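Reading through the structure tokens given below for one structure.
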Amino acid sequence: MSHAEYTNIHRYLDEAFTGLEMTADLQDLKEEIRSNLAARVAELQTDGTSAEQAAATAIEELGDVQEIIGGESEVPVSVPATHAGAFALNKVTPRSGFVIGAVLLSLVAVAALLWFALVLVSGGSAAAAVLSTVVLWLTAGILTTWSLRQETSQNYPVPRRRALGYGASSAAAVAGLTLMAMVSTAGMGLVVAGAFVLLGSVVGFIKLGISQTNRKKPWIRAVQRDYQAMDRFSQDPVAAARFGIYTAVIWIIALALFVLLSFTVGFAFSWLALLGGLVVFMVVLARMLFPAGEGAAQQTKQK
Amino acid sequence: MASNPVDKQPQSEPFAADLLRGHTDTIVLGVLRDAQRYGFEIYKTIRDATGGLYEIKEATLYATYRRLVKDGLVEASWGDETQGGRRKYYRITDAGRAVYRKNVQDWTATQNIINKLLNVKGGTP
Chain G
1 MSHAEYTNIH RYLDEAFTGL EMTADLQDLK EEIRSNLAAR VAELQTDGTS AEQAAATAIE
61 ELGDVQEIIG GESEVPVSVP ATHAGAFALN KVTPRSGFVI GAVLLSLVAV AALLWFALVL
121 VSGGSAAAAV LSTVVLWLTA GILTTWSLRQ ETSQNYPVPR RRALGYGASS AAAVAGLTLM
181 AMVSTAGMGL VVAGAFVLLG SVVGFIKLGI SQTNRKKPWI RAVQRDYQAM DRFSQDPVAA
241 ARFGIYTAVI WIIALALFVL LSFTVGFAFS WLALLGGLVV FMVVLARMLF PAGEGAAQQT
301 KQK
Chain D
1001 MASNPVDKQP QSEPFAADLL RGHTDTIVLG VLRDAQRYGF EIYKTIRDAT GGLYEIKEAT
1061 LYATYRRLVK DGLVEASWGD ETQGGRRKYY RITDAGRAVY RKNVQDWTAT QNIINKLLNV
1121 KGGTP
């Protein structure tokens, strides 16, 4: 295809895209090519080329526009059968050092949490309270950062600085919560301090969250594209919306119960409210994703 | 330098263009490492980085962007320019950075092996 005679990028593009069904993707591509051509024309003109010659050169440099369009409209062939093979190819075995380390760190975190709870309930020394919380938020931060730095079968590792950011935010969240929990032993000042630390953690998570980019591996994205519309919530947006409302109600009630029990019965039992909330949440999730009627209906259909 | 590729014959290039083309994805990821850029900016950065010695065909670049976006290695978004047309910007993702780092490592290793096999001393012929 000869296109040296074109001296106007807009006319050239319009003619290159004639006769095609203008999907959103194609329109998007056309606009992208147009803006890039315009940028090249502007650059050539600052070098002293005439407008017409600049357009002709830019179009010439673009290469075969039909080839670009052809690539766009080509439908990717999805072969779900190859997914098992893709998983085997991309399988990443966790490093044993990380697994052992993570288990040990979790044990330390649980021990520190129990110790902290004991100090709160039975009123231990201030040093014990400080030491147990420091251990707790350090382990939380290290575990978060370390886990995010791991390459898994599905995900690439998070860059070092961002992983450290997530770790610091988690550590701050734990620090804030523990500071606020010490209100009964050390007074209201700590609640304010804890609230500020918690706020810092939330701000950190928001900053990281809005700047987070994809870290899934290409193969898992291919699998997700093929199975995208298979789960109940993407098939039935109403069910998804209903589930969202249920979730909000469950957690508001659980949190309210937690606060109420904390003040009346104490911390020794109030956490049961959160556990109960989690149980109800999981049951509702299971009921929403796999409705009881549907399995039976499918079975009768098969008969 | 006003480059005029019309009189440039791709066959007479003093380097293995095929080999270079095989690394287009990694080259684009490398260009996007420090900042988000739009198509012509990417093209210009690559062209200027080699002093005009090597130009990737823009048609090849469009295919590369599409593949990188599909694989989640870069993300595309339209910017809002106050004057002139809008531009489609590409920015690298965490997955893209990991792939870039791995490809550079692979290339360095391959380069070493080829240098050894071709008996090149040190790495710079």
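These protein sequence lines map, in sequence, to chains G and D.
Just so we're aligned: the first sequence equals residues 1 to 303 in my numbering.
Just so we're aligned: the second sequence equals residues 1001 to 1125 in my numbering.
Virtual Cβ for every residue (Gly too), placed ideally from N, Cα, C.
Just so you know, these numbers come straight off a predicted model, no measurement behind them.
- Inclusion of Phe269/G and Val121/G in the CB contact set at 8 angstroms is not warranted, their separation being larger than that value.
- Here Thr145/G is buried, its C-beta having at least 16 other C-beta atoms within 10 Å.
- Secondary structure at Val1120/D: coil, using DSSP grouped into helix, strand and coil.
- Unbroken alpha helix (DSSP H) stretches of 4 residues or longer found wholly inside the region 1065-1103 of chain D: none.
- Chain-ordered, the chain G residues with CB closer than 9 angstroms to the CB of Tyr1038/D read Glu32, Ser35, Asn36 and Ala39.
- The contact set of Gly63/G on chain D, defined by CB atoms closer than 7 angstroms, consists of Lys1057, Glu1058 and Ala1059 in chain order.
- Of the other Cβ atoms in all chains shown, 16 or more fall within 10 Å of the Cβ of Ile220/G; this residue is therefore buried.
- About 4 angstroms separates the Cβ atoms of Asn214/G and Thr1093/D, confirming a contact at the 8 angstroms cut-off.
- Ile59/G and Leu1029/D have their alpha carbons spaced roughly 25 angstroms apart.
- Taking the Cβ atoms as the reference, Leu208/G lies roughly 31 angstroms from Arg242/G, outside the contact range of under 8 angstroms.
- The C-beta of Ala1016/D comes no closer than 8 angstroms to any C-beta of chain G.
- Pairing Gly1079/D with Tyr1089/D gives a Cβ-Cβ distance under 8 angstroms.
- For His10/G, the enclosing alpha helix (DSSP H) starts and ends at Ile9 to Ala16.
- Taking a C-beta distance under 8 angstroms as the contact criterion, Gly141/G and Gly167/G qualify as a contact pair.
- Residue Arg225/G holds the alpha-carbon nearest to the alpha-carbon of Gly1072/D among Arg225/G, Val174/G, Ile245/G and Phe258/G.
- With distances taken between CA atoms, Thr152/G lies nearest to Phe98/G out of Glu32/G, Leu198/G, Phe98/G and Gly165/G.
- Non-local beta-carbon contacts of Ser147/G in its own chain, meaning distances under 6 angstroms to residues more than five positions away in sequence, are absent.
- In the structure shown, Asn214/G falls within a coil segment according to DSSP collapsed to helix, strand and coil.
- Taking 8 angstroms as the cut-off between beta carbons, the residues of the region 207-230 of chain G near chain D are Gln212, Thr213, Asn214, Arg215, Lys216, Lys217, Pro218 and Arg221, in sequence order.
- Its chain contains Gly204 and Leu208 as the residues whose beta carbon lies nearer than 7 angstroms to that of Gly165/G, once the 5 sequence neighbours on both sides are disregarded; these appear in chain order.
- Near chain G, meaning a CB-to-CB distance below 8 angstroms, the residues of the region 1095-1124 of chain D are Ala1095, Gly1096, Arg1097, Ala1098 and Val1099.
- Judged by DSSP secondary structure, Gln27/G falls within the alpha helix (DSSP H) whose first and last residues are Ala24 to Thr46.
- When secondary structure is reduced to three states using DSSP, Tyr1038/D falls in the strand class.
- Shown here for Ile250/G: same chain residues with a beta carbon closer than 8 angstroms to its own, the five before and five after excluded, namely Gly277, Val280, Phe281 and Val284 in chain order.
- Neighbours of Pro159/G across chain D, judged by C-beta separation under 7 angstroms: Asp1094 and Arg1097.
- For Tyr1062/D, the closest Cβ of chain G is nearer than 8 angstroms.
- With fewer than three CB-CB distances shorter than 8 angstroms, the region 1038-1053 of chain D does not count as touching the region 1097-1114 of chain D.
- Residue burial is scored here from C-beta neighbours: Arg1037/D has at least 16 other C-beta atoms within 10 angstroms and is therefore classed as buried.
- If you draw a 10 Å sphere on the C-beta of Met182/G, you find 16 or more other C-beta atoms in it, and that means buried.
- By the Cβ-count criterion, Ala254/G is buried, with 16 or more other Cβ atoms from all chains shown falling within 10 Å of its own Cβ.
- In the assembly as shown, Tyr227/G is an exposed residue. Its beta-carbon has fewer than 16 other beta-carbons within 10 Å.
- In the DSSP assignment, Asn155/G is bridged to Lys216/G.
- By a beta-carbon distance limit of 8 angstroms, Ala175/G does not contact Val191/G. Their separation comes to about 13 angstroms.
- Per DSSP, the continuous alpha helix (DSSP H) segment holding Asp1018/D begins and ends at Ala1017 to Arg1021.
- Taking 8 angstroms as the threshold, the shortest C-beta distance from Gly1022/D to chain G does not fall below it.
- The three-state reading of DSSP puts Met182/G in coil, since its state is none of H, G, I, E or B.
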